[in-house]
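Novice: Pasting a structure here, questions to come.
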Amino acid sequence: MFYAGLDIGSTITKVLIKNERKVCTTVIKPTGAEHRRLANEIMDEALRKLNLTTANISYIVATGYGRINVPFADKQVTEITCHMRGINWLFPSVKTIIDIGGQDSKGIKVDNGKLVNFVMNDKCAAGTGRFLEVISDLLGVKLDDIGEISLQSTRPTNISSICTVFAEQETLLQLSKGTSIEDILAGIHRASASRIHSMVKKIKIEKDVAITGGGAKNIGLCKALEERVGFPVIVPPEPLITGALGAALIASEETKKISKEELIEKQLKRRWEAVTFFDEKPTKG
Amino acid sequence: MSFIIGLDIGSALSKAVIMQDKTLLSSGISPSEGNFLSAINSVLQKALGKAKLAISDIDLIGACGLGASFIPHSFHKISDISCQSRGTSYLLPTIRTLIEIGNQSSRIIQVTEQGKVADSLVSDKCAAGSGRILQIVAKVLKVDLKDMGQLSLKSTQPVKFTTGCAVFLETEAISRVAEGASRENIIAGLHQALTARIAAMAHRMGLKEDCVITGGGAKDRGLVKIMGEKMGKTLLVPDNPLITGAIGAALIVTEKKG
Amino acid sequence: MKDINKKTGLARAKDIYNHRSKRARELKAEGKKVIGYFCCFPPVEIMTALDFLPLRLLGDMDEPITVADGYLPTVMCIFYRSTFDLGMKGRFDFIDGFIGAHACDGAERTSYIWSNYIKTPCNFFLDLPHVDKGEAVSYFKGQLNYLKETIEGLAGKKLDIESLKEAISLHNKQRQLVRELYYLRKPDPPLINGSEVLQVMISIMMIPAEEGNALIQEVIDEVKTRQDIPDKKNGRLLVWGSLIDNIKFTDLIESSGLNIIIEDTATGTRPFWHDIEETEDPLDGVARHYLQEVKCPRTFAETDTSYKEDLENRYSYLKDFAKYWKVNGVFGNIIRNCDIHGYEIPAVKDYLESLGLPVLIIEQDYSTASLEPLRTRFQAFAETIG
Amino acid sequence: MKTENKKIKKKSGKTLQTAREASYFAKKMLKNALQAQEEGRPIGWSMVTWWQGELIARAIGAELVFPENYGAFCAATGGAEKHLEISDSEGYPATLCGYARNSIGYAKLLSDNNFVPYEGAPGGGLAKPKFFLASGTACDARYKWFQALKRYFTEAPVWTVDLPMPGTKEFFYKGNKELGLKYIVDHLKDYVAFLENLLGTKLDYDRLNEIVDQTFKTLALAHEVDILRRAVPSPMVGSDFWSIMIPHLYLPEDPEAYEFYKKVYAEVKQRVDNKIGAIPNEKYRLMFAELPPWHSLGFFGELAEKFGMAIVIESWNYHAILPIPEEEFEGVTDPLEKVAMLTYYKWTEYNKVALEYNVDPGFFMAAYFQFAKDYKTDGLLAHPLMSCRPATYTLLHTKNTLENKLKIPGVVIDGDIIDLRVFNEKEAFSKMEAFVETMDHYREERKKAGIAW
Ligand SMILES: Nc1ncnc2c1ncn2[C@@H]1O[C@H](COP(=O)(O)OP(=O)(O)O)[C@@H](O)[C@H]1O
Ligand SMILES: Nc1ncnc2c1ncn2[C@@H]1O[C@H](COP(=O)(O)OP(=O)(O)O)[C@@H](O)[C@H]1O
Ligand code: SF4
Ligand code: SF4
Ligand code: SF4
């Protein structure tokens, strides 16, 4: 039996297929403006890799920002629960999870594998992955590299603006003053970390702490957060897929809860269509 | 008969005017583009050139704006709020409320009959209500800033944005494009989102007529129209809404030092 | 096309909910006078007894706050900013009297500012002690006497004891009916959902007590026999905290995998849970009821016991609610800037969590436009308790 | 020496020598409490109840400390941030009163540390309370906050002294004043019983009588200083007041406070007699509305320096009570009754002014109308606070009405008592610069309207 977790993030879409014992495959693709609605194709790609068809998948759980309207998912679960489950499976000792996604960041508290509390910021781009994307764009540095580069800094600049837009201008000003990219990036990471930390603090940061989500791929940000937290943090080997992993774990549990007949009926009902994001239909141009 | 320069060195645009005896002789505008010094020089040249003057002919300089400290000549710094209100009231003496939509922030200023500030309110620390968004979205849509207004006016069904954040608005605009929403509707939707923010401030301050709108945002006819509708007021726009701050700076420095 | 007036039960409640001042305006046209009041503390019994229609003044989560921003700072309770905004926009321009109340700072200061800017032929500010001791009750009774005198002036007649007693039993009847309605939520799934109950609750604050009583009775009869009961969900929710007065909010909660079972709020159980005792001087019972039996954390319950006992004293009724209605989760609803409930959050959490009930606290902006982002939070909570 | 003096001036904006000495009283309170703890005497954490609860608690032998005052102290010394963070992580909303959040954070640290103030706590820390004295007056936080503190001092009882707060019009209803006073007296009897029971001693009514008499004496003298301040140029400014208010607000029964006010009076009087202004170049006379930004008091010094703006009078509720006419006391012997009168009269003293100008409420608002006249002010500097709603609720209303009725313009500078982030000094300056024009304009308006000053 196979179980699939589909995490349609604001920025990156992740699919993970597992069986009883192990993770079989993962696919990670930008959600991108054009691809948002094409989660079905990403699913297809994962299936092709394993030579499977939809009929082989017992249960599909969708999560993430775009989970709401996935016609082929058997269940929708919030990314909060999914990240929690994924991390808990990987690192049972973790009590506090910091998830840094593309358009939001979250603090999640776990106790004995149960979600006990959470906070999130989804109103302001400061302290989200988007903030770092904007800055790396501006500096002409690849997102993958900003973490490493910032670690070279000797004198991090102080970025005083919270707002992404103002921080962008502050960065420009620093550039024209001749500040090095390393120092600017280090300053940017500090500013982000401080913002994220002050939010997560609201639910009390307790050991062990894991950082997950796309932001955890950024070593500069992780280090800056670690500095704030004051003790070492855990970063999973592939932080992007913890949500999808959690979703797949839930999928396998759900399968056990229902009868074969119900399962088959569910599978028949799956519609292999595009995903819609917004309730209100925009007018076609 | 002395010559006075007024400067408004904004985060996006640098503006200069030359005045003589309270008459406007010439003006110039240059992008600031993160290099204030060269913007100041360029804008001074423009204004001086048009007035056929040299910097040595100038008796006084008054300046406001974020980048004023970069001015390489001796000058008097005046508060942005006072300059906006004086300059605007010079152009349109009947105004009592001024809405300025600048690049980094928006302001609501209540103006007295003498063109002085009665009260003011500034959007701060968050770009959600500022003119910067117009630029960002224009870039996304590959539209010239100048054409935004016209396009907005043609909208039939403005898109409803789910966020106020300038950065998320950009992302959302990109998605809307991908989903097939028209540029017109996206721009009009943006104008509505921006209006909602500014209207909230305006109501805090209270709108006394006549109301005027200045700053870069005032160049955008679509924005001005939607704002007027939302606030239920006719919003006047000066002929050149960008240079009101610079005019004010010149007028105030004349009074103070002239 | 059905005639609106012929609608009964839930459909009628929905109508009244949607057109809140319609009935008041009709009655006014027939010569009845309307008194608008703040919060659940000005005694409706006195108003009813003098033939007024008491009308609870509420805000509107659908209407962006605009005019009020020129008068009330944004750090205020958003609910009262909204209410005042509607007042300034003329939404309540038909009321003949206004009774402000010292329920919380928000209500108190808004009452003052209201009477400065929104003129009604008659207004009164009801001071309400913060403590519930005997001497406070006597003082409060004195204030009720002033209230009575003031609106007697508007009524052009004196209040006689007998009609006050009648009004008290009429409203007690309403309290009893409300409780009956709540009992219908005991089964799993409940027979009536949160949005439907909310529509009924709002409705009865907008129409005369007799009509309200008839309406609840209709609803009870309808619900008892209906087929289309709500779906069974993961969570059976107790709502505690600031008030909820818009079904878009309850709809959002209930479409996120939760059933609302009982509300300890100012539009829920609080004004209805205890009957007014019928005392020799009816005002004694009225004063005691509002000061001691309306369980809002705005009234300070004196305590010289330990923290645990204090919580037990103040919140054991929540335990009773939770047990009787078999709830498995609590939503603490905090309208931003509500101090009364804000200071209680950790204590209420301590108490409920010690009973094994998970608690979700959300500070919200009293605006339907900002509801959707809350969905993820409710869903995550439903997943926790499911 | 000279440079040092200048430095102090820049930092605090204080101009009176006596104002600099006033911090003695803040320290004295903290020290007394710590000492009381050592000696095993009972300590109460108290709100400012406008003398209603404090005098009685002291008469029975309790030592009081004021978490509100401690909040200002922590903010001024940079120790508040840490406490605020803890309050947030305890789950208290970040929108609550900054003073409350500060003391909640501190309480958590104290209880975690076995009730010994932590190393480096500002001012040595607040000693552990035996009871809480909360207040029902003016602000919900004043009793909800102490109720919340019980989480950390699980055995300490919380007592709320309540005060009637009728509307202005309602206050003048026949018999309402008497009803209110009776309520307070009855309520205070309960309070006395509570204290006696808790502390195991009887209240000495003679002692209370002494305390009350001394309090009236000190307050009367403090009021005399307020009267001196009507002089032009202003002999002292807000920054002075925020220091000298500590003794009359918190320790009015302390004979040292009385002695202190004698010195203040002499110093201020000397300035008035010689027409010496507190600031060199007084051009504008401002009223200050509500609590100052404790962490940035230097701001006012710079306003004075740059624009010649003097803060000549500030929020009514920190000032000493207006004198109560002798005849009101006729036949009053019970000290509890005197306490009741003191507090209730303070609370309602501007109700008459409220009626005259037809403005509501009488507290927090009406006093500015009287001040404007008495102190010949040019403007209102309104400081709405991020985290103190009660003082902020009526500010816009006050500002609008002053402009309409007395042609006194107001300027709004957003800030906070504790939270550093919201106060933007640069923006504030540019607003004040523009406000100069506004005040000039309204001076003309007042002339046209025939309003005296
Ligand atoms: N290699 C990388 N290095 C640094 N940051 C990355 C990298 N890959 C992704 N990110 C960051 O992760 C974010 C997306 O994270 P993700 O958890 O997938 O969010 P979502 O679920 O909202 O799509 C991007 O905004 C980006 O900032
Ligand atoms: N047609 C236009 N021309 C110039 N600027 C425009 C136009 N339409 C909108 N704007 C906006 O005006 C802003 C610049 O306004 P301005 O008042 O000069 O700001 P600042 O003084 O901060 O530089 C830019 O952010 C730009 O987006
Ligand atoms: S502060 Fe900047 S990043 Fe944050 S919401 Fe406002 S515009 Fe967006
Ligand atoms: S929500 Fe809170 S602050 Fe607002 S009226 Fe209710 S109790 Fe008062
Ligand atoms: S009045 Fe303001 S500062 Fe004082 S306790 Fe209340 S909220 Fe806090």
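Chain order of the listed sequences is A, B, C and D.
Letter 70 of the first sequence, counting from 1, is numbered 79 in my numbering, and no numbers are missing.
Letter 33 of the second sequence, counting from 1, is numbered 49 in my numbering, and no numbers are missing.
Letter 264 of the third sequence, counting from 1, is numbered 331 in my numbering, and no numbers are missing.
Letter 328 of the fourth sequence, counting from 1, is numbered 361 in my numbering, and no numbers are missing.
Even glycine gets a Cβ: it sits at the ideal position worked out from N, Cα and C.
For a contact meaning CB atoms closer than 9 Å, what does Asp121 of chain D contact in chain A?
Specialist: Within the fourth sequence, residue 121 of chain D is the residue found at index 88, counting from 1. Those are Ser207, Lys210 and Lys211, listed as they occur along chain A.
Novice: Flag Ile21 of chain A as yes when its Cβ comes closer than 7 Å to any non-hydrogen atom of ligand 1, and as no otherwise.
Specialist: One-based indexing of the first sequence puts residue 21 of chain A at position 12. At least one heavy atom of ligand 1 is nearer than 7 Å to the Cβ of Ile21 of chain A, so yes.
Novice: Give me the Cα-Cα distance between Pro155 of chain D and Gly409 of chain C, rounded to the nearest whole angstrom.
Specialist: For the purposes of this step, residue 155 of chain D is taken as the residue at position 122 of the fourth sequence. For the purposes of this step, residue 409 of chain C is taken as the residue at position 342 of the third sequence. Each residue's alpha carbon lies about 27 Å from the other.
Novice: Which residues in chain B sit within 9 Å of Lys481 of chain D, going by Cβ to Cβ distance?
Specialist: Counting from one through the fourth sequence, the residue named residue 481 of chain D turns up at place 448. Within 9 Å Cβ-Cβ: nothing; Lys481 of chain D doesn't reach chain B, min ~12 Å.
Novice: Give a yes or no on whether the minimum CB-CB distance between Ser118 of chain D and chain A is below 8 Å.
Specialist: Translated into the one-based positions of the fourth sequence, residue 118 of chain D becomes position 85. Reading the sequence as shown, one finds Glu at residue 118 of chain D and not Ser. Chain A contact via Cβ: present.
Novice: Considering only the alpha carbon of each residue, which of D:Tyr408, D:Asn384, D:Thr410 and D:Lys406 lies closest to Met398 of chain D?
Specialist: Within the fourth sequence, the letter at position 365 stands for residue 398 of chain D. Selected option, being the one with the closest Cα: D:Asn384.
Novice: Can you tell me where the alpha helix (DSSP H) holding Val267 of chain C begins and where it ends?
Specialist: Along the third sequence, one-based indexing puts residue 267 of chain C at 200. Gly261 to Ile271 is the span of the alpha helix (DSSP H), which, as asked, contains Val267 of chain C.
Novice: Can you give me the start and stop residues for the beta strand (DSSP E) that Gly50 of chain D sits inside?
Specialist: As a working note, residue 50 of chain D is residue 17 in the fourth sequence. In the sequence as displayed, the identity of residue 50 of chain D is Gln instead of Gly. No beta strand (DSSP E) holds Gln50 of chain D; the alpha helix (DSSP H) holding it covers Gln50 to Glu54.
Novice: Please go through the same chain and pick out, in chain order, the residues whose beta-carbon is closer than 6 Å to the beta-carbon of Val218 of chain D, but skip the five residues on each side of it.
Specialist: Taking the fourth sequence and counting its residues from 1, one reaches residue 218 of chain D at position 185. Same-chain partners within the cutoff: Leu369, Glu370 and Ala373.
Novice: For Gln303 of chain D, count neighbouring Cβ atoms within 10 angstroms of its own Cβ and tell me buried if that reaches 16, exposed if not.
Specialist: Here residue 303 of chain D corresponds to residue number 270 of the fourth sequence, with the count starting at 1. Classification for Gln303 of chain D: exposed.
Novice: Using a threshold of 7 Å, is the CB atom of Ala333 of chain C nearer than that to any non-hydrogen atom of ligand 4?
Specialist: Locating residue 333 of chain C in the third sequence gives position 266, where the first residue counts as 1. Because some heavy atom of ligand 4 lies under 7 Å away, the Cβ of Ala333 of chain C counts as near it: yes.
Novice: Output, in chain order, the set of chain A residues within a Cβ distance shorter than 7 Å of Val183 of chain B.
Specialist: In the second sequence, the residue the question calls residue 183 of chain B occupies position 167. Ordered by position in chain A, the residues that pass the 7 Å Cβ test against Val183 of chain B are Ala134, Arg139, Val143, Thr173 and Val174.
Novice: Under 6 Å Cβ to Cβ from Phe159 of chain C, same chain only, skipping five residues before and after it: list those, please.
Specialist: As a working note, residue 159 of chain C is residue 92 in the third sequence. Cβ neighbours of Phe159 of chain C beyond the five flanking positions: Gly103.
Novice: Can you tell me which of A:Tyr74, A:Glu29, A:Val103 and A:Ala202 puts its alpha carbon nearest to the alpha carbon of Ala260 of chain A?
Specialist: Here residue 260 of chain A refers to the residue found at position 251 of the first sequence. The shortest C-alpha separation from Ala260 of chain A is found at A:Glu29.
Novice: Any idea what DSSP makes of Pro254 of chain C, helix, strand or coil?
Specialist: Taking the third sequence and counting its residues from 1, one reaches residue 254 of chain C at position 187. Note: Pro254 of chain C maps to coil in three-state DSSP.
Novice: Name the two residues that bound the continuous alpha helix (DSSP H) containing Ser98 of chain B.
Specialist: Within the second sequence, residue 98 of chain B is the residue found at index 82, counting from 1. That run of the alpha helix (DSSP H) goes Asp96 to Leu107.
Novice: Taking the straight line between their C-alpha atoms, what separation do you get for Lys47 of chain D and Glu286 of chain D?
Specialist: Translated into positions along the fourth sequence, residue 47 of chain D becomes position 14. Translated into positions along the fourth sequence, residue 286 of chain D becomes position 253. Lys47 of chain D and Glu286 of chain D: Cα-Cα distance of roughly 25 Å.
Novice: Using a Cβ-Cβ cutoff of less than 8 Å, which residues in the same chain neighbour Met68 of chain C once the five nearest sequence positions on both sides are dropped?
Specialist: Here the question's residue 68 of chain C lines up with position 1 in the third sequence. With a pLDDT of only 41 at Met68 of chain C, under the threshold of 50, the placement of this residue in the model should not be trusted; the figure read from the coordinates follows. None.
Novice: Measure the alpha-carbon distance for Tyr433 of chain C versus Met198 of chain D and round it to whole angstroms.
Specialist: Along the third sequence, read from residue 1 onward, the residue named residue 433 of chain C stands at position 366. Along the fourth sequence, read from residue 1 onward, the residue named residue 198 of chain D stands at position 165. Each residue's Cα considered, the two are about 28 Å apart.
Novice: Are there any heavy atoms of ligand 3 lying less than 7 Å away from the beta-carbon of Ile66 of chain A, as far as the coordinates show?
Specialist: Looking up residue 66 of chain A in the first sequence gives position 57. The answer is no for Ile66 of chain A.
Novice: Any beta carbon of chain B sitting closer than 8 Å to that of Leu230 of chain A?
Specialist: Indexing the first sequence from 1 puts residue 230 of chain A at position 221. With 8 Å as the cut-off, Leu230 of chain A does not count as an interface residue toward chain B.
Novice: Could you give the distance in angstroms between the alpha-carbon of Val228 of chain B and the alpha-carbon of Asn119 of chain B?
Specialist: Counted from its first residue, the second sequence places residue 228 of chain B at position 212. Counted from its first residue, the second sequence places residue 119 of chain B at position 103. Going by the C-alpha atoms only, they are around 17 Å apart.
Novice: Let me know the secondary structure DSSP gives Ile111 of chain B once reduced to three states.
Specialist: Taking the first residue of the second sequence as 1, we reach residue 111 of chain B at position 95. Looking at Ile111 of chain B - three-state DSSP - the assignment turns out to be coil, as it is neither helix nor strand.
Novice: So, does the segment 173 to 185 of chain A touch the segment 73 to 85 of chain A, judging by three or more C-beta pairs under 8 Å?
Specialist: No: fewer than three Cβ pairs fall under 8 Å.
Novice: Could you list the residues in the segment 206 to 220 of chain B with a C-beta less than 9 Å from some C-beta on chain C, going in chain order?
Specialist: For the segment 206 to 220 of chain B, which is checked against every Cβ of chain C, the residues closer than 9 Å are Ala212, Ala215, Ala216, Met217, Ala218, His219 and Arg220.
Novice: From the DSSP output, in three-state form, read off Arg158 of chain C for me.
Specialist: Within the third sequence, the letter at position 91 stands for residue 158 of chain C. Arg158 of chain C falls in the coil class under three-state DSSP.
Novice: Compute every distance between the C-beta of Ile484 of chain D and the non-hydrogen atoms of ligand 3, then say whether any falls below 7 Å.
Specialist: Sequence index remark: in the fourth sequence, residue 484 of chain D carries index 451 (1-based). Flag unset: Cβ of Ile484 of chain D not near ligand 3.
Novice: Which residues, in chain order, sit with a beta-carbon under 5 Å away from any heavy atom of ligand 2?
Specialist: Those residues, listed in chain order, are B:Gly26, B:Ser27, B:Ala28, B:Leu29, B:Gly118, B:Asn119, B:Gly147, B:Arg148, B:Leu150, B:Gln151, B:Leu161, B:Lys162, B:Gly231, B:Gly232, B:Lys235 and B:Asp236.
Novice: Whose C-alpha, out of A:Asn49, A:Leu277, A:Ile205 and A:Val150, is nearest the C-alpha of Ile107 of chain A?
Specialist: Walking along the first sequence from the start, residue 107 of chain A turns up at place 98. For Ile107 of chain A, the nearest C-alpha among the options comes from A:Ile205.
Novice: For Gln183 of chain A, is the beta carbon positioned less than 7 Å from some heavy atom of ligand 1?
Specialist: In the first sequence, counting from the first residue as 1, residue 183 of chain A sits at position 174. Gln183 of chain A Cβ: outside cutoff for every heavy atom of ligand 1.
Novice: Please indicate yes or no: does the CB of Thr173 of chain A lie closer than 7 Å to some heavy atom of ligand 3?
Specialist: Here residue 173 of chain A refers to the residue found at position 164 of the first sequence. Yes, ligand 3 has a heavy atom inside 7 Å of this Cβ.
Novice: Per DSSP, which one or two residues make a beta bridge with Lys155 of chain B?
Specialist: Start at 1 with the first residue of the second sequence, and residue 155 of chain B comes out as number 139. None; Lys155 of chain B has no bridge partner.
Novice: Can you check whether the C-beta of Gly26 of chain B is within less than 8 Å of a C-beta belonging to chain A?
Specialist: Your numbering for residue 26 of chain B matches position 10 in the second sequence. By this cut-off, Gly26 of chain B is not an interface position.
Novice: For ligand 4, any of its heavy atoms closer than 7 Å to the Cβ of Asp406 of chain C?
Specialist: Within the third sequence, residue 406 of chain C is the residue found at index 339, counting from 1. Yes - ligand 4 has a heavy atom lying nearer than 7 Å to the Cβ of Asp406 of chain C.
Novice: Would you list, in sequence order, the uninterrupted beta strand (DSSP E) runs of no fewer than 3 residues that lie entirely inside the segment 340 to 407 of chain C?
Specialist: 396 to 402, all fully within the segment 340 to 407 of chain C.
Novice: Since Lys232 of chain C contacts Glu369 of chain C with CB under 8 Å, what's their CB separation in whole angstroms?
Specialist: Residue mapping note: residue 232 of chain C aligns to position 165 of the third sequence, counting from 1. Residue mapping note: residue 369 of chain C aligns to position 302 of the third sequence, counting from 1. Lys232 of chain C to Glu369 of chain C, Cβ: 31 Å. No contact.
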